[in-house]
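Protein sequence lines correspond, in order, to chains P, V, D and B.
Under UniProt numbering, the first residue of the first sequence is numbered 1, with each subsequent residue one higher.
Under UniProt numbering, the first residue of the second sequence is numbered 1, with each subsequent residue one higher.
Under UniProt numbering, the first residue of the third sequence is numbered 1, with each subsequent residue one higher.
Under UniProt numbering, the first residue of the fourth sequence is numbered 1, with each subsequent residue one higher.
Glycine residues also receive a C-beta, built at the ideal position from the N, C-alpha and C atoms.
Computed from a predicted model, the values in this text were never measured in an experiment.
In what follows, a structure is listed as structure tokens, so that the remarks can point back to it.
Number of protein chains: 4
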Amino acid sequence: MGHKGIRTALKVDLNKPAWEQPGLHNRWHPDVPSCGKIANNEVVKIECLDWTGGQIKNDDSADDIKNVDLTQIHYLSGPFDIETAEPGDVLLVEIQDVQPFEDQPWGFTGIFDKQNGGGFLDGLYPKPAKAIWDFEGIFCSSRHIPHVRFAGLIHPGILGCAPSAEVLAEWNRREGELIAANTTQRDVAKPPEPKSAHAGSAEENLKEKIGREGARTIPGRPEHGGNCDIKNLSRGSKVYLPVHVPGAKFSVGDLHFSQGDGEISFCGAIEMAGVITIKFTVIKGGMAKLAMKSPIFHPGPVEPQFGPGRYLTFEGFSVDENGKQHYLDATVAYRQTCLRVIEYLRRYGYSDYQIYLLLSCAPVQGHIAGLVDIPNACTTLGVPMDIFDFDIRPETEVTKLDMGSCAFASD
Amino acid sequence: MGHKGIRTALKVDLNKPAWEQPGLHNRWHPDVPSCGKIANNEVVKIECLDWTGGQIKNDDSADDIKNVDLTQIHYLSGPFDIETAEPGDVLLVEIQDVQPFEDQPWGFTGIFDKQNGGGFLDGLYPKPAKAIWDFEGIFCSSRHIPHVRFAGLIHPGILGCAPSAEVLAEWNRREGELIAANTTQRDVAKPPEPKSAHAGSAEENLKEKIGREGARTIPGRPEHGGNCDIKNLSRGSKVYLPVHVPGAKFSVGDLHFSQGDGEISFCGAIEMAGVITIKFTVIKGGMAKLAMKSPIFHPGPVEPQFGPGRYLTFEGFSVDENGKQHYLDATVAYRQTCLRVIEYLRRYGYSDYQIYLLLSCAPVQGHIAGLVDIPNACTTLGVPMDIFDFDIRPETEVTKLDMGSCAFASD
Amino acid sequence: MGHKGIRTALKVDLNKPAWEQPGLHNRWHPDVPSCGKIANNEVVKIECLDWTGGQIKNDDSADDIKNVDLTQIHYLSGPFDIETAEPGDVLLVEIQDVQPFEDQPWGFTGIFDKQNGGGFLDGLYPKPAKAIWDFEGIFCSSRHIPHVRFAGLIHPGILGCAPSAEVLAEWNRREGELIAANTTQRDVAKPPEPKSAHAGSAEENLKEKIGREGARTIPGRPEHGGNCDIKNLSRGSKVYLPVHVPGAKFSVGDLHFSQGDGEISFCGAIEMAGVITIKFTVIKGGMAKLAMKSPIFHPGPVEPQFGPGRYLTFEGFSVDENGKQHYLDATVAYRQTCLRVIEYLRRYGYSDYQIYLLLSCAPVQGHIAGLVDIPNACTTLGVPMDIFDFDIRPETEVTKLDMGSCAFASD
Amino acid sequence: MGHKGIRTALKVDLNKPAWEQPGLHNRWHPDVPSCGKIANNEVVKIECLDWTGGQIKNDDSADDIKNVDLTQIHYLSGPFDIETAEPGDVLLVEIQDVQPFEDQPWGFTGIFDKQNGGGFLDGLYPKPAKAIWDFEGIFCSSRHIPHVRFAGLIHPGILGCAPSAEVLAEWNRREGELIAANTTQRDVAKPPEPKSAHAGSAEENLKEKIGREGARTIPGRPEHGGNCDIKNLSRGSKVYLPVHVPGAKFSVGDLHFSQGDGEISFCGAIEMAGVITIKFTVIKGGMAKLAMKSPIFHPGPVEPQFGPGRYLTFEGFSVDENGKQHYLDATVAYRQTCLRVIEYLRRYGYSDYQIYLLLSCAPVQGHIAGLVDIPNACTTLGVPMDIFDFDIRPETEVTKLDMGSCAFASD
């Protein structure tokens, strides 16, 4: 009862390949062997790798981003068996804290190469780029994006319970249909992929099965949450997760020091390795009781608060940059909103790539404003002015500053 | 200097048809005659009709909603000539206050008939419905949605400067192309429509031209703002608007006592007639100076603030209710998020229509969470728990209450 | 039910002496005749004079402040009989709105002459001074204190129910003892004063009695609240007031457009005439049920919010300006804290009197920090940086601006 | 540059007596030897003992509180020489983080025996008592005060630079005068005390001198800050401290996991040992530049935020519990305000001692409301309702709960 430290349910080894660590896995599948037990109402610490499993370095080149192996990502910590959890229950996950490792006080934000991952604005910004962020306590700053500093809204990008076989089959069905119908040049979804599948401590046969059937970790999914990348799922949040298999088989990973709404550059948060402290409580029969199909959460009281009057807010509409009118398309509108911010901040000396990186990871607020006034969806993006050490209000004269450069690839 | 009241730049007559009032108009067109001059740096009051021009009654039937004439809407107050404003300038509009008329302290939220207007969830909720809201100072409550009360985040749904002829032509081109390509059953955009066009004090010939060419007021548009329905454009906000014609020709209307992000039921805000107090300042050459293509705004410090920990937040993904997977579609995801809230709140005794109305008008926060994790867009919707007089937290036992009914149409 | 306007329970006449208006009074006494009835659960509007009853003018001289007649103040609106209220009940007062009169959009802040009223810093600043504030919607600004503008945290300075004869006797006893023991030069309390007593519609005999016995309105008092000058008792607040006489006999007045914690210059809020909208609810047996000896309140969600990081905060201790050490005296500490702000803001070109006025009326936060570390009490004063149109952060270079002058008296 | 961990400038040993550790000291004196150098603009971690130097145990008896040795407290970490700092400069201290030790996740709140320390309400509550708080990430809860849980507003109780000989002499003069004039039974200040003086690495002679002359650490003082116990001096704050000696000689200690305004029970915060991360920057000539006599601070954006409408607020006035009227005495008023909260919360089953402990350490807001309405000062105390797991709003029925007990002494 507090006399000594909180139990660490999983330790990771930052100096060993992720695929050699039995407490990690990178596919969603009901059969991934449990890596440990957690009692109902227990508080534990769980260590996590960064989402690339250590592929990205603290240096000034984006070659590592360019060449990142996207089959070797999202090594999640888990799955954990939560005692008493049964299908139909809800697992209440209270995020008591999230911290980087003390001896690794830095993280990164990346823009993937259009040919290898891409991102929300890759039509305009196809090159890989990177920013390294140094953590100073609750704050971070970057030598690659000067004159900016902010407190992290620290959170896990991914958490969820394992799918049942039925849920997994449904995922594979519907995403398979999308892939089958795809006529574009770009990937629209990721099918199961045996290559680089890591199934924790699974024996070879089981591992093959999981590689063949297991759902990829990239998308969040309505039935369990997963890779939601919700910036407000931060310290103090209570998350309510549907349970689909006995023991819940909870996994977590992809810690973010900070992220903006949308995580637009895809590797857009400030990605880091670290430790998450969680309290687990099983709500028996919770899915029916709460009429729950997708996760619900209740944020804590401790987010960075800038005050409503400290956000400079940009509007965007579903008319794309070629003048084409789209029908109530909030995705197109949000892309335009992001471009409006880039045009505005460019005046201070930042390169477009620097701003693209910044919008991905700073605590910007992306709202759906109006979604019914045909044909235009309208979205807004609020930039907290206090993250800059100069005054970005429209009424203040613009002075171009020396903004240096973010990291680019060598060729 | 404050010795007497602020000048009222336009009075409206609530007992006279909108189309007989020369200070109102319902099309965007550069040639609508100005209804008055406002000095640079002047503060004025402007009276506005509700967006239906008085078609909706304070009663317990939704027949008026069912039969609303959607060609007779959005009678805007204006346009006003702002002294010294020229194309390329930016008009800074400071919203000093917005108030309902003292002797008309009520407003309405409507769900349109799927055959006459529709809305975001009309596939599931095709019937017309209505809630009347009574204003008690800064608060509102409704006999049609009991056990709810909140402070208004009061704002204008529409404000903007007139388009130039070129901008207008561009609107008609691109929206015309969308209409031409439409293969669905539903309207995807509204073309110019001479019927019920009101061009203020225009002579007959000019009025006909404006009816033929004038842009409809339904959508917001990137070049000037217009019907953005941004709930945070409230008291204390500074809005920066592009100027496209000499004198700016500023118009405003469609006042909302409150609105949720998305304004999902289309007639979704708490619509009201009232008075807006604005200060106008011209920023010479502002469009180039601010690199501005679409409006920017800076909210004031006075929004209702519930604290980060008082929002119960729901997640939704771009998988529709038929299990179909959509590709990074934030609009689909937001629809699912809304449905999750309906399923949750239904447990307390509300009908789905009541919740649909409530989500449209209460200050709910709709965020774009993740928009890059193929194929799922993830959006969130935060419901402020303090608007209910009972406890909606998941950990509290549910008691069904007598929630009465919203207003429906007679047949 | 909202179809028409809210009933106005009392109208005041701004062009008639306060003492001729039967709905006003300026003494607390159980026998002041009721000026009207209000039903349980009713919402009404009540008009109020400013606290000087119109003695202060919108001009650039402080002669009116210098010569103010302090026996002719605090003409309260009421008392109102609230149906069903009995001694021992609690009257729940919901402040739905507070507004200035539409045709009188201005208010004033004064520093009284040390010889006529004085104030918190009158040892250092003995001269009378004045600032006129113009209201522009929810904002105010002053020609007497340039480069400052803020949203009002609008509230009534005074509200409360009438004392019973017993409560009144207790007030007179204990304040009389303080006066009797006074050995200083200054008034320490105000005894009953027949001169200029106004007892509403009371007949001459009763009026004399009330003049002789009635408690003065200057101090707030624990048994009923009264002149608390609590800036956060603003729009949206629910106040719980003890009831001491049948019908409660509720009175209200002394409206403030804004005030800082402490209201340090005594006439320190932005004083105004206006209208307050209140809902009244009687809680039977509430005093015992709530174990209530003094009023409790629950603020609404709509205060101006600057964010925790937007307050520049000054520390003060209970060592006075002569180097004398006081024992845990929070009053002395707060005076020092105010002086620290004056020294800091003076660097920008403001006169001490301008800052003294500003600290009295702007929404500054005065906290009791530490009150146990003998011998020093420590208090803090947080100044919201966003009320200035220049940057007051310590890291920004100081530029002296032309700050004009506040109004002073003619000699 | 972030590649590796932040340097720890001082380690403490929790298993060794404080007085044997040369990096600690418990007197303010210019001659305490520096325990290390810190560069201008450097970020370091500094470890700190709890303020009793480990005297209090994690158990269920308050015997340790009863018998605490108050000469053996406030072992501060330091002093540190900050490179380039000279008298007249300002030391900018950015508090980047404060954390408990990972293997000691608990703290304590105490009420001292009236005969040994006492506190703000010791007239009514003379007995020693204690509550142990367990930390679960950013939250804490106590087996001694059930049904309460909140996020810490973590901060150092003490930080400051060393006094010069002149400043120290002034402290001793003015506090000595207070002591000399004392006619009460209680200590009004603490004179220099050779007993248990710890002067870091000082040789015997110097140590004796420091014991003879050195200022006690209990009070905060205007010239340097010191033991201010300001709850908002939390993570993210920038504090501006006057420098009086070459190298500044900065010290810090007395870490608090949380504290309420006033820290009323004297050992009132949640006291803990832990680590603080600070960035130091010297502002040359800062005292003149900022016209600074006492510290100023600028809080960060990350405090727990409950929203203005989530504080139940109590009023108190300067009339004491014996009915005696005091003249504008904010200290008396705040004591009454605290008593009003105790009376209210007692209804739920808490003992008065439990509430007294809770008010000392939970993030309650203590405001100076009105300080000019003779003879009554009015203060308010806002209790954040969300720290309770039951509903404390006045409109909710009271149910008494089993609240157990706080720890008391054995006899």
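Span of the beta strand (DSSP E), counted from its first residue to its last, around N205/D: N205/D: not part of any beta strand (DSSP E); member of the alpha helix (DSSP H) spanning 204-213, first to last residue.
The stretch 115-131 of chain V / the stretch 59-76 of chain V touching (three or more Cβ pairs under 8 Å): Touching, yes, given that three or more Cβ pairs across the two stretches are closer than 8 Å.
Span separating the alpha-carbon of E321/D from that of A377/D: Between E321/D and A377/D, the alpha-carbon positions lie close to 15 Å from each other.
C-beta atoms of L178/P and P375/V nearer than 8 Å: A Cβ-Cβ contact shorter than 8 Å links L178/P with P375/V.
C-beta contact flag for C161/B and H74/B at 8 Å: No Cβ-Cβ contact shorter than 8 Å links C161/B with H74/B.
Three-state secondary structure (DSSP) of Q21/V: Here Q21/V sits in coil by DSSP.
Rounded distance between the beta-carbons of I46/B and I355/B, thought under 8 Å: Contact between I355/B and I46/B is ruled out by a C-beta separation of about 34 Å, above the 8 Å threshold.
Rounded distance between the beta-carbons of A362/B and I387/B, thought under 8 Å: Between A362/B and I387/B the Cβ distance is about 6 Å, and since that is below 8 Å, they are a contact.
Environment of A181/P [buried if 16+ CB atoms lie within 10 Å]: Per the 10 Å Cβ criterion, exposed.
Residue 412/P burial status per 10 Å Cβ neighbour count (16 or more: buried): Only positions 1 to 411 of chain P appear in the structure, and residue 412/P is not among them; the question remains open.
Paired residues, beta bridge with H367/B - DSSP: Beta-bridge annotation (DSSP): H367/B is paired with H367/D, T380/B.
Chain D contact for G307/P (CB, 8 Å cutoff): Chain D has a Cβ within less than 8 Å of the Cβ of G307/P.
Where the alpha helix (DSSP H) containing L178/V begins and where it ends: L178/V -> alpha helix (DSSP H) spans 165-180.
Per-residue contacts from Y327/D into chain B (C-beta, under 8 Å): Correct list: L178, V188, A189.
Selected residue, minimal CA-CA separation from F408/V, among V148/V, G382/V, Y353/V: In this structure, Y353/V is the residue among V148/V, G382/V, Y353/V with its C-alpha nearest to the C-alpha of F408/V.
Beta carbon proximity, P146/D to chain A, threshold 8 Å: Considering every chain present, this structure includes no chain A. Its protein chains are P, V, D and B.
The stretch 299-311 of chain D / the stretch 309-316 of chain B touching (three or more Cβ pairs under 8 Å): Contact between the stretch 299-311 of chain D and the stretch 309-316 of chain B is present: three or more C-beta pairs spanning the two stretches fall below 8 Å.
Interface partners of D320/B on chain V, CB under 7 Å: Near D320/B there are no residues of chain V at all, since even the closest Cβ is about 35 Å away, more than 7 Å.
Separation of T313/P from T217/P, as counted between CA atoms: Between T217/P and T313/P, the C-alpha separation is close to 33 Å.
Run of the beta strand (DSSP E) containing I65/B, from where it starts to where it stops: From DSSP, I65/B is part of no beta strand (DSSP E) but of the alpha helix (DSSP H) over 63-66.
Interface flag, S258/D vs chain B, CB-CB below 8 Å: When Cβ-Cβ separations below 8 Å define contact, S258/D makes no contact with chain B.
6 Å Cβ shell around residue 449/V - same chain, five flanking residues per side excluded: The structure shown does not extend to residue 449/V, since chain V spans only 1 to 411, so no value can be given for it.
Chain-ordered residues of the stretch 38-61 of chain D with a beta carbon less than 8 Å from chain V: Contact annotation: in the stretch 38-61 of chain D, residues whose CB is within less than 8 Å of a CB in chain V are V43, N58.
Proximal residues of chain V, C-beta to C-beta of R235/B below 7 Å: Ordered by position in chain V, no residue passes the 7 Å Cβ test against R235/B, which lies about 16 Å from the chain.
P246/P versus P79/P - alpha carbon distance: C-alpha separation (whole angstroms): 12 Å.
Residues near P394/P in its chain [Cβ-Cβ closer than 8 Å; skip 5 each side]: Excluding sequence neighbours, P394/P sits near L312.
C-beta atoms of S251/P and S77/P nearer than 8 Å: Cβ distance < 8 Å, so S251/P and S77/P count as in contact.
Beta carbon proximity, R346/V to chain B, threshold 8 Å: Closer than 8 Å: no.
8 Å Cβ cutoff met for S234/D and I154/D: Yes, the pair counts as a contact, with Cβ atoms nearer than the cut-off.
First through last residue of the alpha helix (DSSP H) which encompasses I342/V: Looking at the DSSP string, the run of the alpha helix (DSSP H) that includes I342/V is 330-345.
Assumed close pair D254/P, G110/P - CB separation to whole angstroms, cut-off 8 Å: Cβ atoms of D254/P and G110/P stay farther apart than 8 Å, at about 13 Å.
Whole-angstrom distance between G382/P and N82/P, CA atom to CA atom: Per the sequence shown, residue 82/P should be read as Ile rather than Asn. Distance between the alpha carbons of I82/P and G382/P is about 39 Å.
Rounded separation between L206/V and A39/V - CA only: Each residue's alpha carbon lies about 27 Å from the other.
Length of the line joining the Cα atoms of G370/V and D261/P: Taking C-alpha positions only, G370/V is separated from D261/P by approximately 7 Å.
Per DSSP, cross-strand counterpart(s) of W133/D: Looking at the DSSP output, W133/D sits in a beta bridge with G107/D.
G2/P classed as buried or exposed, judged by whether at least 16 other C-beta atoms fall within 10 angstroms: Below a pLDDT of 50, predicted positions are generally treated as unreliable, and G2/P, at 45, falls in that range; no measurement from the model is reported.
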